[in-house]
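To keep things clear, I will list the structure first and then write my remarks on it.
Chains as they are written, first to last, in our numbering: chain A, 1194 to 1337; chain B, 1194 to 1337; chain C, 1194 to 1337; chain D, 1194 to 1337.
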């Protein structure tokens, strides 16, 4: 992951509703874990969750790439690490990793997501905050 | 279930995401099956799903009672039967049953839900359609 | 809630995936919050999550009663409080409440659940730990 | 999508639990729709859902790539089309598209997933059915 931008770390404990009868965490459940981390990361970047319902300006996922490397199981303590990779005027890319709390060298999941800021209910793309270019100049990729 | 009001029947096939590592359907998944049946029942009662986003008038669950009698498992074909039990001016009760398609006498789930019609975003309770008293007079319980 | 038995308190922050287009938390999402609290409560009572996959002895919900009193919305900080109410030889009842972190007097959700301990894959009910009668004699109701 | 292999078509109607407070379908919900289509496709390919619980031989997602092009909303009737793209000895790739029933030319979602056949509980990769090379020789890519 790109170390130069803002990063976040969240923790999860695997519950029954995260698993399926294969005995391991269902592939969709990891995307909830990642959404929680991504939402906290967006908060760091100035997109406060409590304000979104009022402004109707939402970060919207436009693409997800996720690799399932090793399975987690019931009761596992997971760590999700995420960060801003780069951005252009209207879109930004984040990267996430999930590992067991006690074996950080052993990645279970790697994921990248592209997001756009969208003004609802029109569904119109909005410009990303101009502060980002000032605060993270090395992450700005105009044609990215 | 009260046979005198409108009823609905929907079908589901149990997917991986419905199960947990106990090897059977997770208790929360049945509530999605019931919501699908309830939404179709509401459609029969004049609450069209496609109109709700525009009117912002939503049927909202205020109470659920659900009994888990027997488990369903991966690939099972389930039938959900539901009906309107009774209503007053602002609330209505529905009952639901779930059984395997091939053994209708063998109930897996029984459930009752109370709903109110709510005008969002104010969250203000609204009166149920006046037609209901004309169409289902035997289901009207003013103090229910 | 019965104050004499063991209790648990967990916290949640409402995410996008917890809400629906009515603008508030979806009724099913609260049951995940309650499951997390219930799982931690079961841990206090000697049912460790990490052991269950090995022993295949699972606490299984046999009935849920839940009242939706007031809605929560995006970004709300919720507190879930739960406790053991009473038990007999094979079943136990828990009660849960959910409130906003800053207004504990204002209940959003109240819920009661009955659980049985089940040996999978046979699906055979098992006796509850005998220690419970020693540790919580006032919660034992043989005919409950 | 590769038209030469087996394909599947399933239908969905967007329910409340599929949406979030942005007013449109939540990004994670589409992955349930795709799982349903993928499971039916796997059935066509000889992996019967009802047998998996017994054999403990499961198709497991190892990678998902999904593009969110246009949003769906409450009550929309969706069509999911999917097909086998290619396979090697242990992995296979599927492609999926989602569109509104009435506007098939207008894609909402495109998705590709890589799957492996895994013998649980060991988590050991298994060979794909040898019949696939006979039945779909043009989809076999030994180094894919």
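From the three backbone atoms N, C-alpha and C, an ideal C-beta is built for every residue, glycine too.
Contacts that residue i makes with chain C (C-beta to C-beta distance below 8 Å)
{"i": "residue 1228 of chain A", "result": "1208, 1209 and 1210"}
Sub-8 Å separation of residue i and residue j beta-carbons
{"i": "residue 1231 of chain D", "j": "residue 1198 of chain D", "result": "no"}
{"i": "residue 1271 of chain D", "j": "residue 1311 of chain D", "result": "no"}
{"i": "residue 1261 of chain C", "j": "residue 1302 of chain C", "result": "yes"}
{"i": "residue 1324 of chain D", "j": "residue 1239 of chain D", "result": "yes"}
{"i": "residue 1308 of chain A", "j": "residue 1253 of chain A", "result": "yes"}
{"i": "residue 1221 of chain A", "j": "residue 1224 of chain D", "result": "yes"}
{"i": "residue 1265 of chain D", "j": "residue 1218 of chain D", "result": "yes"}
{"i": "residue 1283 of chain B", "j": "residue 1314 of chain B", "result": "no"}
{"i": "residue 1237 of chain C", "j": "residue 1287 of chain C", "result": "no"}
{"i": "residue 1336 of chain C", "j": "residue 1299 of chain C", "result": "no"}
Residue i - partner residues in DSSP beta bridges
{"i": "residue 1332 of chain C", "result": "Looking at the DSSP assignment, residue 1332 of chain C forms no beta bridge with any residue, so it has no partner."}
{"i": "residue 1300 of chain D", "result": "D:1292"}
{"i": "residue 1284 of chain A", "result": "A:1309"}
Partner residues on chain D for residue i, Cβ-Cβ distance less than 8 Å
{"i": "residue 1225 of chain B", "result": "1208 and 1210"}
{"i": "residue 1269 of chain C", "result": "Those within 8 Å of residue 1269 of chain C in chain D number zero; the least Cβ separation is about 12 Å."}
{"i": "residue 1254 of chain A", "result": "1220 and 1261"}
{"i": "residue 1146 of chain A", "result": "In the structure as shown, chain A begins at 1194 and stops at 1337. Residue 1146 of chain A is therefore absent and cannot be evaluated."}
Per-residue contacts from residue i into chain B (C-beta, under 8 Å)
{"i": "residue 1198 of chain D", "result": "Simply none; closest approach about 22 Å."}
Contacts of residue i in chain A (Cβ-Cβ under 7 Å)
{"i": "residue 1242 of chain C", "result": "1267 and 1268"}
{"i": "residue 1316 of chain D", "result": "1264"}
Cβ separation of residue i and residue j, assumed to be a contact under 8 Å, to the nearest whole Å
{"i": "residue 1267 of chain C", "j": "residue 1212 of chain C", "result": "6 Å"}
{"i": "residue 1228 of chain A", "j": "residue 1210 of chain C", "result": "6 Å"}
{"i": "residue 1258 of chain C", "j": "residue 1334 of chain C", "result": "Going by Cβ atoms, the distance from residue 1258 of chain C to residue 1334 of chain C rounds to 17 Å, so no, they are not a contact pair."}
{"i": "residue 1329 of chain A", "j": "residue 1277 of chain A", "result": "7 Å"}
{"i": "residue 1332 of chain D", "j": "residue 1280 of chain D", "result": "6 Å"}
{"i": "residue 1273 of chain D", "j": "residue 1289 of chain D", "result": "6 Å"}
Where residue i meets chain A, residues with beta-carbon distance less than 9 Å
{"i": "residue 1246 of chain C", "result": "1212, 1216, 1266, 1267 and 1268"}
Beta-carbon neighbours of residue i, restricted to chain B and to distances below 9 Å
{"i": "residue 1283 of chain C", "result": "The contacting residues do not exist; residue 1283 of chain C stays about 15 Å from chain B at best."}
{"i": "residue 1296 of chain D", "result": "Here the premise fails: no neighbours, minimum Cβ distance about 15 Å."}
Partner residues on chain B for residue i, Cβ-Cβ distance less than 7 Å
{"i": "residue 1323 of chain D", "result": "What residue 1323 of chain D touches in chain B: nothing, since even the nearest Cβ is about 24 Å away."}
{"i": "residue 1258 of chain C", "result": "1258"}
9 Å Cβ cut-off: residues of chain D touching residue i
{"i": "residue 1303 of chain B", "result": "Within 9 Å Cβ-Cβ: nothing; residue 1303 of chain B doesn't reach chain D, min ~21 Å."}
Contacts of residue i in chain C (Cβ-Cβ under 9 Å)
{"i": "residue 1203 of chain A", "result": "Under the 9 Å cutoff, chain C gives no residues; its nearest Cβ is about 10 Å from residue 1203 of chain A."}
Minimum Cβ-Cβ distance from residue i to chain G less than 8 Å
{"i": "residue 1201 of chain C", "result": "Looking at the structure shown, chain G is missing, and the protein chains on hand are A, B, C and D."}
For this session: Counting only runs of 3+ residues fully inside the region 1306–1330 of chain B, write out the beta strand (DSSP E) ranges in chain order.
Result: List check, beta strand (DSSP E) in window: 1317–1319.
For this session: Ignoring anything shorter than 3 residues or poking outside the region 1196–1269 of chain B, list the beta strand (DSSP E) runs there in chain order.
Result: 1200–1206 and 1250–1261
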